[in-house]
Structure formats: C-alpha cells, structure tokens
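The numbering of the sequence shown is the UniProt record's numbering, which starts it at 1 and goes up by one.
Virtual Cβ for every residue (Gly too), placed ideally from N, Cα, C.
Being a predicted model, the structure only gives us computed values, none of them experimental.
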Amino acid sequence: MLRTTAGFDRIGEENAFAVLARATALAAEGRDIINLGIGQPDFKTPAHIVEAAIKALKDGHHGYTPANGLLATREAVARRTLTTTGVEVSPENIMIVPGGKVTMFAAILIFGEPGAEILYPDPGFPIYRSMIEFTGAMPVPVPIREENGFAFSAEETLALITPRTRLLILNSPANPTGGVTPRSEIEKLVNGLVAYPHVAIMSDEIYDVMTYDGEEHCSLLSFPQIRDRLIVLNGWSKTWAMTGWRMGWSIWPNSKESGQLYDKVRKLAVNCWSCVNAPSQFAGIAAIDGPQDDVEKMCKAFDNRRKIVVDGLGSLPGISCTTPKGAFYAFPNVRETGWPAKQLAAALLDEAGVALIGGPDFGILGEGYIRLSYANSEENILRAIERIEKFLTK
Numbered sequence: 001m002l003r004t005t006a007g008f009d010r011i012g013e014e015n016a017f018a019v020l021a022r023a024t025a026l027a028a029e030g031r032d033i034i035n036l037g038i039g040q041p042d043f044k045t046p047a048h049i050v051e052a053a054i055k056a057l058k059d060g061h062h063g064y065t066p067a068n069g070l071l072a073t074r075e076a077v078a079r080r081t082l083t084t085t086g087v088e089v090s091p092e093n094i095m096i097v098p099g100g101k102v103t104m105f106a107a108i109l110i111f112g113e114p115g116a117e118i119l120y121p122d123p124g125f126p127i128y129r130s131m132i133e134f135t136g137a138m139p140v141p142v143p144i145r146e147e148n149g150f151a152f153s154a155e156e157t158l159a160l161i162t163p164r165t166r167l168l169i170l171n172s173p174a175n176p177t178g179g180v181t182p183r184s185e186i187e188k189l190v191n192g193l194v195a196y197p198h199v200a201i202m203s204d205e206i207y208d209v210m211t212y213d214g215e216e217h218c219s220l221l222s223f224p225q226i227r228d229r230l231i232v233l234n235g236w237s238k239t240w241a242m243t244g245w246r247m248g249w250s251i252w253p254n255s256k257e258s259g260q261l262y263d264k265v266r267k268l269a270v271n272c273w274s275c276v277n278a279p280s281q282f283a284g285i286a287a288i289d290g291p292q293d294d295v296e297k298m299c300k301a302f303d304n305r306r307k308i309v310v311d312g313l314g315s316l317p318g319i320s321c322t323t324p325k326g327a328f329y330a331f332p333n334v335r336e337t338g339w340p341a342k343q344l345a346a347a348l349l350d351e352a353g354v355a356l357i358g359g360p361d362f363g364i365l366g367e368g369y370i371r372l373s374y375a376n377s378e379e380n381i382l383r384a385i386e387r388i389e390k391f392l393t394k
C-alpha cells in the first residue's frame, strides 16, 4: 500500500459540492430539484466582461503572465480598493490568484504548523478549518452566535488569543450566516489586537458589496495600525457572477516586520499555480472598470429574495430565521423541528427536492441550523418554501 502524508488524512471538504453532486444526480433521474445549497450567483457574467476575455484571446494573449498577475490587473484592483475603502494600496502588494480559496490556502500554509494555533469563525466557511488541520496547526473556533446577529464578538475573539496564536481569520459579510460585523465591534477588535503583535490577520471580504438594511461593509484595510500583518481576501466570483472564471485577488504586506509575506506568497505561486490565465485577467479589468449596472441589479435582486426567505421561513413550524444583513445566505434555526440539522437537510433533498446545507458542515456551532442560499429565483425560493412546509407538516 502506498503511504501518504498525515496531512491528507486530516484534510476535509466543502460539502456544498457534495450536495450539488447529489442534487445533479437526482435531477438526471428526472426529479425536480430546487438547489438552494450552492453559493453561486444564478446570474450570467455581464456581457462586457465576457467580450473582454474574447477580445484578449483574439488579440493573442495566450501565454504565461507574471506569477503575481498582470500589472494592469493589479492596478485595476488598486483603483477598486481605493473606491470601495478609501485606502490607497500599491499594485506591488496585490496578488492575482485563481479564486478566493487560494488566498486561504496560502495564508494558512504560511502560518500553520504543529504547535501553532489559528483562530477561525465557527460557523464559517469549511475550508478554513480543513486547511488548518492539514497544516497540523490547532484550529481554534471563534464563536459566531445568533444572539449577536451572527457578528463576531471582539471580546470573545481576543480572549482566545494565546502566545501560540499565529493567525486570526475574519469574515464579514459572512458565509454561511449572512452576518455583518459593525464597525464599532471591528474597532474594538483592532484596538485589542495592538497588544498581540505576533498575530497575523486574514480578512475574507469576498462579499463586500452585498450588505442590506443600511449596513456598511467595514474593511480591515481601514486600520493602519494592523496593515503590516493584514491579508485581505477578495475577488470577482460573487460580485460579478464569475465563479467559474477562478479569479481572485489578495492584498499582502511585504515589510520586514511582516516577514515579507508578499514575497512568500509570490514564491508559492511560482511553485504551485504559476500564474492566472491572461484572458480572465483582461475580463477582470473590464469588470472593475466597466459599468456596474449589473452588479447593482444583482444586489437588488438578492435583497428582494432575502426578504422573501426571511418571511417565508419565519412562517414555517419549528423554524425561525434571523434576518441576514449581508452576502446571499440565510442561516435559519431549525432546532424546534426536532430534526438534527444534517438529517433534515438530507431528507429535504431526497423527499422534498430542496437542496440545502446542514449547519454542522460549517462548524461545531452549526448544529441546529441549515444554510439556504438565495442565489436563485424568487419563483424557486417560494416553491422551495412550500415544499419545506409540506414536508414539516406531513
């Protein structure tokens, strides 16, 4: 028998893809499946972005690009960052990477090793914990609580830091809960982190434009006192409906105090993915610099669907739903149904034809919840809620 490293025995998965595969298989058998499981906009990539990629191909952009991305792409990200956060970032601190997960992989790989501790949100994106365990580091969950509106608590987070803590992962607006942490709480956290200069921070801001009810996204870039140890994750997938293009960006410090993090991740790119393909990068420039009408339409549609989801779920027996303030997910509480969350999600798929994700797939504190993605049409959301009601009342 071949012998592999222990890290691969610890690595996990993102169960949303397993649910997608199961839903696809059922649909192939002729079942009518409503998929509210996958975190993917149901809109097409805007036409001007697609045309930019086609033009790049026709213009002969077929070769390697720099490992850190085309300068023009990095300059576009710098412009966008200034527009959305008010913070100037040098293109020399920006990495163009093949999707958002790559930044998670790189940051956790750089800081994770046996004996180290990495803090991550729970419930949170499952790849955080999976990658932490892969490196041999100790995963330390930061509780994300419904009674706090699914925002993280600065006090609770700071209390978990020890001399072994290497990295703190934050996510707002958040997957899977839709929580948005207010600026006041982020300020408390940043002020507290001043006392822990050995802790790096990775802020996952992939849903930055998707906030509702007057909430505003607060980027960690707004705080110069932590810039020398801050990694910001962002990308094109959610904002411009470009999930399949595999286009992400991240902002890294590269000072001596930071340990030249940017140079480390650039070397990782050279050794791993080499570069991001040129046509996608030209599409990325068009997304940032082109009209944003489609983005605004998508966000308005998500907001309308969000209201339908909250009202609909709140009317179901045994289910309550805190109103999500960001992203395109709801994280309803299903404890009163009497069902364990993963069993309920599996039964709803098999018996009601509605694909959802059980809360435990997002962490220890996910039990009692399911994740519903409202990146689907209003018609399908209403049909799904009807099916869930019939299942619960049969």
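Residue 378 to residue 280 span [Cα, whole Å]: 30 Å
So, do the stretch 59–75 and the stretch 228–236 have three or more beta carbon pairs nearer to each other than 8 Å? no
Going by Cα to Cα distance, which pick from 343, 90, 327, 250 is closest to residue 305? 327
Residue 149 (DSSP reduced to helix, strand or coil): coil
Local Cβ density within 10 Å of residue 363, reported as buried at 16 or more and exposed below that: buried
Leaving out the 5 sequence neighbours to the left and right, which residues in its chain are closer than 6 Å to residue 217 when beta-carbon positions are compared? 208, 211
Roughly how many angstroms separate the alpha carbons of residue 395 and residue 299, rounded to a whole number? This structure gives no information on residue 395, because the portion of the chain shown stretches from 1 to 394.
What do you get for residue 51, buried or exposed, if any count of 16 or more other CB atoms within 10 angstroms of its CB means buried? exposed
Contact defined as beta carbons within less than 8 Å: I believe residue 91 pairs with residue 78. What is the distance between those atoms, to the nearest angstrom? 5 Å
Can you grab the Cα-Cα spacing for the pair residue 365 / residue 57, in whole Å? 47 Å
What does DSSP give as the partner residues of residue 117 in its beta bridges? 138, 165
What does residue 170 pair with, by DSSP beta-bridge criteria? 203
Spatial neighbours of residue 239 in its chain, beta-carbon cut-off 7 Å, leaving aside the 5 residues before and after: 209, 295
Contact between the stretch 162–178 and the stretch 115–129 is defined here as three or more beta-carbon pairs at a separation below 8 Å; is this criterion met? yes
Helix, strand or coil, according to DSSP, for residue 295 in the structure here? helix
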